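First up is the structure itself, then whatever we jot down about it.
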Amino acid sequence: MKARAALLAFVLLAVLAPAAAAEQRASLTEIEKQVMCPVCGTLLQLAESPQAQREKAFIRRLIDEGKSEAQIKDALVAEYGDEVLALPQGSGFSLSAYVVPIVAFLAAAVALAIGVARWRRGGGGPEASQPPTPEDSNRLDADLARYDL
Amino acid sequence: MSVRSSIAVLAVLAVVGLLVFGLVSKGSSGVDLGEAAPASPLPRLEGGGNGSLVDYRGRWVLVNFWASWCVPCREEAPALQRFQQRHGGQEFTVLGIDSRDLTDDGRAFVERYGLSYPQLRDGDGDAAHEYGTTGVPENFLVDPHGKVQLLVRGPVSEEYLREQVTPFLPEGKS
Chain X
1 MKARAALLAF VLLAVLAPAA AAEQRASLTE IEKQVMCPVC GTLLQLAESP
51 QAQREKAFIR RLIDEGKSEA QIKDALVAEY GDEVLALPQG SGFSLSAYVV
101 PIVAFLAAAV ALAIGVARWR RGGGGPEASQ PPTPEDSNRL DADLARYDL
Chain A
1 MSVRSSIAVL AVLAVVGLLV FGLVSKGSSG VDLGEAAPAS PLPRLEGGGN
51 GSLVDYRGRW VLVNFWASWC VPCREEAPAL QRFQQRHGGQ EFTVLGIDSR
101 DLTDDGRAFV ERYGLSYPQL RDGDGDAAHE YGTTGVPENF LVDPHGKVQL
151 LVRGPVSEEY LREQVTPFLP EGKS
């Protein structure tokens, strides 16, 4: 019984382990979409310059060495700096690239909500709450009479 | 000023501050003739800490921006090496700055062309940006006081070095 269980575990491991490894294996196509060609200023995916070719070769080499996507991106940052990443990192000052738009959007939403609430409380605006003066009423009547067909 | 107005002013100042920071950190820069050459420390290409133009203050320095993937850089490297052999010493040196290049590629380039002059690494291109380079190779002749005296946007030839750079050097004047 023990031998069968061990055999089953071995077979499962042999079948699932390569599948899991293949799933995690980094791909040049995926990484190219996430990093820049520093010289061209475009995504590496779109770049064909000599520098881009060397960068792609570097990524291929790291993939062959079994490095993960995160490890490869770290290696690229070590070579070319943070700007090699197409999206800013979620830490340090780069975090502001994500935080500032969210904060600005929330502030605008809050300001809009407050403005709408005030407008509704005031019955559609301060001018609408005041009754027209007799002069205004007379002028309105005269205007309407002039256009009365 | 009400609390609401103060918050609004602070918010506007914060946005303006961010914009100014962005402009200052990304804005165009560069050096012209007679201006001080940027001397930010950079890692040495061969490893072993940082180096800077300041290390060579008191000498004439030909700052050469290059990259291993750049074809004209391959063509000018032998000329620079011969110039260094002829003039390098207490009064002059070529200083290579390997820009936006892979470290291993840069080291292989140095070995391939037998470059004996000091090499720094500018992986993120910040130094190239400070100098206002538009590509590689570019060369800046810096005097012993750190001021740019000659600027070449492109490769230098042996003839150019002999005719344009040598006259600046103490031995060229004598």
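Order-wise, the sequence lines are chains X and A.
Note that the working numbering gives residue 74 to position 74 of the first sequence, counting from 1, and the numbers run on in steps of one.
Note that the working numbering gives residue 36 to position 36 of the second sequence, counting from 1, and the numbers run on in steps of one.
Idealized CB from N, CA, C, for every residue including glycine.
Quick caveat: nothing in here was measured; it's all calculated off a predicted structure.
Task: Start-to-end residues for the beta strand (DSSP E) that takes in Glu138 of chain A - done: 138-142
Task: Proximity winner among A:Trp69, A:Arg57, A:Leu62, relative to Gly135 of chain A (alpha-carbon distances) - done: A:Trp69
TODO: With Trp66 of chain A as the anchor, note down where its beta strand (DSSP E) starts and where it stops.
DONE: 60-66
- [ ] Let me know the secondary structure DSSP gives Leu150 of chain A once reduced to three states.
- [x] strand
TODO: Would you tell me roughly how many angstroms separate the C-alpha atoms of Val84 of chain X and Leu44 of chain X, rounded to the nearest one?
DONE: 9 Å
Task: Inter-stretch contact (C-beta, 8 Å, three-pair minimum) for the segment 146-155 of chain A and the segment 82-99 of chain A - done: no
Open item on the list: Strictly under 8 Å for the Cβ-Cβ distance: is Phe105 of chain X near chain A by that measure?
Closed with: no
Open item on the list: So if DSSP puts Pro43 of chain A in a beta bridge, which residue, or which two residues, is it bridged to?
Closed with: A:Asn50
Task: Exposed unless 16 or more other CB atoms sit within 10 angstroms - verdict on Tyr98 of chain X - done: exposed
TODO: Please list, in chain order, all residues of the same chain as Leu144 of chain X whose beta carbon is under 8 Å from its beta carbon, the five residues on each side excluded.
DONE: none
Task: the segment 50-84 of chain X: positions lying closer than 7 Å to chain A by Cβ - done: Pro50, Gln51, Arg54, Phe58, Glu79, Tyr80, Gly81, Glu83
TODO: Tell me, please, whether the CB atom of Asp55 of chain A is closer than 8 Å to any CB atom in chain X?
DONE: no
- [ ] Taking 8 Å as the threshold, find out whether the segment 108-122 of chain X comes into contact with the segment 54-73 of chain X through three or more Cβ pairs.
- [x] no
- [ ] Using a Cβ cut-off of 8 Å (strictly closer), state whether Ala11 of chain A contacts chain X.
- [x] yes
TODO: Along the alpha helix (DSSP H) that carries Asp126 of chain A, what are the first and last residues, could you check?
DONE: 126-131
Open item on the list: Taking the beta carbon of Lys56 of chain X as the centre, do at least 16 other beta carbons fall within 10 Å, making it buried, or is it exposed?
Closed with: buried
Task: Alpha-carbon spacing of Asp101 of chain A relative to Val142 of chain A, whole angstroms - done: 24 Å
TODO: Please name the residues in the segment 56-69 of chain A whose beta-carbon is closer than 9 Å to at least one beta-carbon of chain X, in chain order.
DONE: Ala67, Ser68, Trp69
TODO: May I ask you to list the residues that DSSP assigns as paired with Thr42 of chain X?
DONE: X:Cys37
- [ ] With DSSP as the reference, label Gly106 of chain A as helix, strand or coil.
- [x] helix
Open item on the list: For a cutoff of 8 Å on Cβ pairs, would you count Val110 of chain X as touching chain A?
Closed with: no
Open item on the list: Run through chain X and tell me which residues come within less than 9 Å of Thr103 of chain A, C-beta to C-beta.
Closed with: Ala78, Glu79
TODO: Taking only the alpha-carbon atoms, compute the straight-line gap between Ser157 of chain A and Asp74 of chain X and give it to the nearest angstrom.
DONE: 38 Å
Task: Pick from A:Leu53, A:Leu18, A:Tyr117, A:Pro43 that is closest to Pro78 of chain A, judged by C-alpha positions - done: A:Tyr117
Task: Cβ-based neighbour list, Arg107 of chain A, same chain, cut-off 8 Å, excluding 5 preceding and 5 following - done: Leu45, Glu46
- [ ] For the alpha helix (DSSP H) containing Gln51 of chain X, list its first residue and its last residue.
- [x] 50-64
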